[in-house]
Structure formats: C-alpha cells, structure tokens
Amino acid sequence: MSDRIHTLSGYFHEYQKSIAQPEEFWARVADSFHWKKRWDKVLEWDFDGPDVKWFQNAKLNITENILERHLYTLGDRPAIIWEPNEPDEEGRTLTYKELYLEVCRFANVLLGKGVKKGDKVIIYMPMVPEAAIAMLACARVGAVHSVVFAGFSSTSLSDRINDCEAKMVLTSDGNFRGSKSIPVKAVVDEALEKTSTVESVIVYQRTKTEVDMKSGRDYWWHESLEGVSAENEAAEMDSEDLLFILYTSGSTGKPKGVVHTCGGYMVYSKYSFENVFQYSPGDVYWCTADIGWITGHSYIVYGPLLAGATSIMFEGVPTYPDAGRFWSIVDKYKVNQFYTAPTAIRALQAKGTDPIKPYSLKSLKVLGSVGEPINEEAWHWYHTHIGKTRCPIVDTWWQTETGGIMVSPLAGITPTKPAYATLPLPGVQLAIMDPEGNELTGNSVEGNLCIKFPWPGMIRTTYGDHERCKQTYFATYKNHYFTGDGVKRDHDGYYRILGRVDDVINVSGHRMGTAEVENAINEHPLVVESAVVGYPHQVKGQGIYAYVICDMKNRTKENLVGEIKDTVTKIIGPIAKPDKIQIVSGLPKTRSGKIMRRILRKVAEGNMDNLGDTSTLLDPEVVEQIIEGRVE
Ligand code: WTA
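Taking our numbering, the leading residue of the sequence shown gets 365, the next gets one more, and so forth.
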C-alpha cells in the first residue's frame, strides 16, 4: 500500500519515470487509494487558463481514505495524540476507531445544522483534536473548510468569512497559549457584526471562560453532540470538488483564498509525507505547526492520517513552561519524526543547550524544517544538539499553493547539505528563469523558481477570483507556475531557496504582504502614507520595518509608534505588528511617484554604503533624513 522510495537510485529511477510518463506515474500512486469510482483520465491541463484537472470524473471521499480504510487494520492505533498547553494536564489519545466515531458524529451535527455539500465552514479554533475532527467532518459531508489561524484579528476573520460567504463558524470559548489565556469567541462575535452569511456558530469549551451565546445562532459543541448517532455515510465527492480554501498573503491587496480539491490533494499529501519523512508503520510523528497554516493541513492532519500514522498535536508554545518543552514531548511520546520551523529552532538555540540536557531524544530518526530558509548556523545546531548528528534533516520547500512538499531530501536517502532543500520530489518539474523569461539550464545558475508541469497537489484557483490566480502565478512566465521565490542550483544540481523576490516578507515562517501591513498602518487616522519592508531578524528570519509619514498632532513619537502597532494588531493580528517604526517626513520616490523600496530595504538592513543610484529620485534629500533617523 506504500509507494515509499528506499534508496537513492530508487529515487532517481522514480523521478525519471515521473517525468517521462507523469500520468502513468501518478495513476500508479493513486491506485493505492480507495475511490468510489475510478477516473476516466489522469490529467488534463492548460497553464494559460489555468485549468488543471487531476483524476477526472473520479469519485471519492478523503475521509474514507483516512477512517474506513484504516478501521480494520489499524483501528486501535493512535491517530491523534494531543498534548495540552499545561504539562500536568492530562493529554488525549484518539485511536483510528475513536477518530472515526468522532468524525461521523460531528458530521451528523453539521448535517443537522443544515450544512450541505459545497457550503463553506470557517474553523477558528485552538490546537485541540476537535479542530482536526472539524476539518474531517467538513470533508466527510462535502463542506469546504477554511481554517483561520486563531491569532488573526476580528477584521481578518470577517474579511475571510465575507470572501467565501461562510455559513457556519466553528470556534472555542478561549485558547491557552503558554501563560496566556486568549479570548476566541469574543473575536468571532466582533467579526460577525460585519458579516451576514453565518447562520450558526458551534463553540467548543476549552478555557471555560464566560462568553456570550446568541440564542438561535450559537451552540455549545458538547450539547450539539448529545444523542447524535455515529453512523454517517461519507458524501461522494468529485475529484475536482473543493476540499478546502486557505487564505494566504500575496504581494498585493487582501489575502487570497487558495483552493485545493479532493483527489489530487489527497494523493499528493500522503505520497509526499511517506517519502520525505520515510514514515514506517508504527512511527510517532510530530509536526509543531498550527492547523491555521498549510503545514498543519497537509502534515498534521491529511498526509499523516492518510498514511495511517500517529500524529501529535500540541496546543502550546516551545518555551512554556520552559525552553525544554519540545524535547520533553519528544521523550514523552517517543517521537520518531519531528518537523518544525527555523524560527522555533533559532528561538531555542538562543536559550543554549541546558534546556535539552534532561532529555535523551533517542527516539528521533528524522528532523524536518519548513516555512523559510534555514540558515546554516541553525541547521548545524539542530543537527548537532537535537539530532545528535545521527538524524537526517529534511529542509522542505513548498507553499500554501503547492499543497505539499516540492523540494526536499528524502530522509536518510538524499545526501543533505546545510541550507539546501536539495532535490525535487518525483513529479515535480522545476525551472529556473532569468529576468527575460528564458529557462536557465545546467548547473551553477540562479534565478526565479518556476514549475513547468502540473502536480496533483497544486492550487486550482483563488476563490472567487480566477483572474487573480492567473495573474499572480501563471502570467509572469508563459506556461509556467511562478513561485515568487528566488533559487540557486549549485554545481551538484542541488537547489537552495534564496527567499521571496516579490513584496512578500516571511516573519517567523508566516507570509505577510507588505501592502497588507501598509494598508493596516494607514488605517490609523494620523497616518498619511507608509512603506513596509523586511529586514534580517535574528530569531524571526525577517522582521517588519515600517516607514511612516504622519500628522503628529500633539502626540509624541513614542505614543504614535505604540498606537500604530496597536492598529496593525487590531486590523490583522499580533503576527503582523511592525518590529520597527520610523516616523519620516517623506519617502524616496521616483519622478513617477513609485516608492523606491530597494533604498528602504537597504537602510532597514543597515547597508547604507551601497544605496545604488539615487539620482532619479524626486527628492534625494529624503534619503539623508531617513538614514539619520534609522531605528536600530
Ligand atoms: C518560504 C509554507 C526556504 C518560501 C509551507 C515560500 C521556504 C513560502 C521553505 C511559502 C524552505 C517555505 N526554504 N523557504 N524550506 N519553506 N519557504 O505558503 O518563500 O506559508 O514561498 O507555506 O515560505 O509559505 P507558506
């Protein structure tokens, strides 16, 4: 049942096959799943549309491939192990059998509340098993889930609800994160004042904080489940029916809803999971992401559960109650594969090695990294102190839009190189483009990363705005998907991701559009104009530096900076709060009025000797003032 590659020559062999005969290759992989009806055609595609269909006319339900499929063989194996925020609160384990019953019951709750195939359901929840149950119950009845990270503000939430016209919101009373308890339902209430499509809200009780419950709209999760049957037949979905929408930031305007569909995503998330992590039956696997991001979708929920793995879900943060928390969890559950983000590694690295000492970490076989380029120093620290030099590191490059891992070593098979994502997975046809749109062939080249052939997990559209999908990803280079990342292929043919080449910054592995942050800053009534750039940050990878022109009224600079930070927190959420705000009297602009971000980036980086040509600026003096007022 597994399509796992076992050797390096096996990888090259599979890769060649996947390029020479992609349809045969993916048909073979797809054959190991349970389809209610097999496909008529494996692939139909046109990147100009874009119009991509995998496993045409096949019928399936992804949850049957997670639940029914494993029921008799793995019924008693833990599917989800939940570790709560407080180390002394008891965790929970859901076996595949228990998960099956919970998903069926909650699917019946959804049906009872009138949720139908194609309806949109927003999930705004903490990291509790019910969040995964909610996703699967939606998939079970054919509803389209859209998980919104529970750290986003009410404005971000209402924007997403409105964009997909959600009918239901699944949420909790509150959320425990480290030493804090955060209100969640109150944020939903605020968001719902600005929306009109939501008919019901189901509230999971987690923190037992008092919340307002609106009669006829709001229901308690546990009460909704009372007396509900655990018998539920999975809806029959077309391979290209929507599975979920996940909003992500781009270089312009508001976040876009990346659409993934049932068949291709299922095949790709499981295939990539098994191969990259070299998952063996019985392994305990832990990904520390939040389900609000694509990593949580593909590699906490769908990929591992499709593979019949045991997936750990952690509610808390790496540094609570102390910086040894991750390692205590690894020892507690004998974790075999551990997958986290460079920002977490750097934050823990800063605490030294003492917090690691009490733990053996000897169960670990594979370490993973995702979300941003991992710097060599963090790579070596992870390799030496966590992997004890015996665990391969899989540096996995991918995106919300790709659905699954695209470039990565296969653990223990592909020789690794610090800071390199190494080689593409089978089925992934990369192309490096020069600024003129020519493909750079051969080794030792650097350019923009594109993909020139479809893969099953790829984005199908941006919800409600297909043109935007086309313009963002398929218009820059004809017949290519453009990733937005720069890349280098070295003399060995290994890939190293160099970071974004567009106006997207990557803060602690979270994508932020600079335009989105600027829009939020501009909401402050005294702000006239702003420009946001990224700069290298020790822990976060990139920090947010904002240049702001303000009408000072009778505020001090300090007051104003604080107010602007609060505004961004309120409009987007704390993750978008600028690290540095410089109040300026003007911005460097060309005569046509375009902000010269290159200059602002250099100043933010502290790289002032090398500003390049400033003679085309409308007002070159502005640059002097900006350099003088630079925030350290
Ligand atoms: C960046 C996260 C370097 C990249 C799965 C990409 C990486 C963006 C890596 C997608 C990596 C992700 N090395 N950069 N291993 N993984 N990125 O959509 O810039 O949240 O375009 O998906 O993160 O972020 P997203």
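C-beta: ideal position from N, C-alpha, C; glycine also. Given the structure is predicted, the values throughout are model-derived calculations rather than measurements.
| field | Inter-residue Cα distance where the pair is Met491 and Thr457 | value | Met491 and Thr457 have their C-alpha atoms some 14 Å from each other.
| said: In whole angstroms, give me the CA-to-CA distance for Trp761 and Val995. | reply: Trp761 and Val995 have their alpha carbons spaced roughly 32 Å apart.
| query | Going by the beta-carbon positions, is the gap between Val871 and Asp849 smaller than 8 Å? | reply | Against a cut-off of 8 Å, the Cβ pair of Asp849 and Val871 comes out as no contact.
| Thinking C-alpha only, which one of Thr717, Val694, Ala714 and Thr704 is nearest Gly732? | Here the closest residue by C-alpha is Thr704.
| field | Host alpha helix (DSSP H) of Ser520 (start-end) | value | That run of the alpha helix (DSSP H) goes Ser518 to Cys528.
| Does at least one heavy atom of the ligand WTA sit under 7 Å from the Cβ of Thr457? | No, the ligand WTA has no heavy atom inside 7 Å of this Cβ.
| task | Work out the CA separation of Arg961 and Thr805 for me, nearest whole Å. | result | Approximately 31 Å between the Cα atoms of the pair.
| field | Length of the line joining the Cα atoms of Glu638 and Glu450 | value | Roughly 31 Å between the two C-alpha positions.
| field | First through last residue of the beta strand (DSSP E) which encompasses Asn870 | value | For Asn870, the enclosing beta strand (DSSP E) begins and ends at Val868 to Val871.
| task | Note down the Cα distance separating Gly768 from Gly791, rounded to an integer number of angstroms. | result | Take the alpha-carbon of Gly768 and the one of Gly791: they are about 12 Å apart.
| Minimum C-alpha distance to Val393 - residue among Pro820, Lys917 and Val897 | If we check each option's Cα against that of Val393, Pro820 comes out closest.
| said: Helix, strand or coil for Pro547? Go by DSSP, reduced to three states. | reply: DSSP places Pro547 in strand when its eight states are reduced to three.
| task | Could you have a look at Thr933 and say whether DSSP puts it in helix, strand or coil? | result | If DSSP states are grouped into helix, strand and coil, Thr933 belongs with the helices.
| request: Please go through the same chain and pick out, in chain order, the residues whose beta-carbon is closer than 7 Å to the beta-carbon of Leu475, but skip the five residues on each side of it. | output: Excluding sequence positions up to five before and after Leu475, its CB lies within less than 7 Å of the CB of Val505, all in the same chain and listed in chain order.
| request: Report the rounded CA-to-CA distance for Tyr488 versus Thr707, giving the unit in angstroms. | output: If you draw a straight line from the Cα of Tyr488 to the Cα of Thr707, it is about 24 Å long.
| said: Spatial neighbours of Thr840 within its chain, please: C-beta separation below 7 Å, excluding the five flanking residues on both sides. | reply: Apart from the 5 residues on each side of it in sequence, Thr840 sits with its Cβ closer than 7 Å to the Cβ of Phe846 in its chain, given in chain order.
| query | DSSP beta-bridge partners for Arg853? | reply | Bridge partners of Arg853: Val809 and Tyr859.
| Any 3 or more C-beta pairs closer than 8 Å across the stretch 638-650 and the stretch 669-683 | The stretch 638-650 is in contact with the stretch 669-683.
| query | Thinking just about the alpha-carbon of each residue, which of Leu789, Ser588 and Val565 is nearest to the one in Glu378? | reply | Answer by Cα proximity: Leu789.
| task | Entirely within the stretch 434-491 and at least 3 residues each: give me those beta strand (DSSP E) ranges in chain order. | result | Those beta strand (DSSP E) runs which fall completely within the stretch 434-491 and span 3+ residues are 442-447, 456-459 and 484-488.
| request: Note the first and the last residue of the continuous beta strand (DSSP E) segment covering Lys417. | output: Run containing Lys417: Asp415 to Gln420, per the beta strand (DSSP E) assignment.
| Residues near Lys477 in its chain [Cβ-Cβ closer than 6 Å; skip 5 each side] | Apart from sequence neighbours up to five positions away, the residues of its chain that approach Lys477 with a beta-carbon distance below 6 Å are Ser564, ordered along the chain.
| query | From Arg710 to Gln902, what distance separates their C-alpha atoms? | reply | Roughly 8 Å separates the two Cα atoms.
| Taking 7 Å as the cut-off, does the CB of Glu736 come closer than this to any heavy atom belonging to the ligand WTA? | Yes - the ligand WTA has a heavy atom lying nearer than 7 Å to the Cβ of Glu736.
| message | Just to confirm before moving on: does the CB-CB distance between Pro682 and Leu728 stay below 8 Å? | response | Not a contact, by the Cβ cut-off of 8 Å.
| message | Could you check whether the stretch 744-751 touches the stretch 617-627, counting it as contact only if at least three pairs of C-beta atoms, one from each stretch, sit closer than 8 Å? | response | In this structure the stretch 744-751 does not touch the stretch 617-627; the number of beta carbon pairs closer than 8 Å is below three.
| Given that a residue counts as buried once 16 or more other Cβ atoms are within 10 Å of its Cβ, and exposed if not, what is Gln835? | Note on Gln835: under 16 other CB atoms within 10 angstroms of its CB, so exposed under the neighbour-count rule.
| Is the distance from the Cβ of Ile693 to the Cβ of Phe678 below 8 Å? | Cβ atoms of Ile693 and Phe678: closer than 8 Å.
| said: Can you list, in chain order, the residues of its chain with a C-beta nearer than 6 Å to that of Gly667? Leave out the 5 residues immediately preceding and following it. | reply: So the qualifying residues of the chain are Ser633, Lys634 and Phe637.
| query | Alpha carbon to alpha carbon, what distance is there between Trp657 and Lys941? | reply | Counting only the Cα atoms, Trp657 lies some 18 Å from Lys941.
| said: Mapping the DSSP letters down to three states, classify Gly898 as helix, strand or coil. | reply: Gly898: strand per DSSP, three-state reduction.
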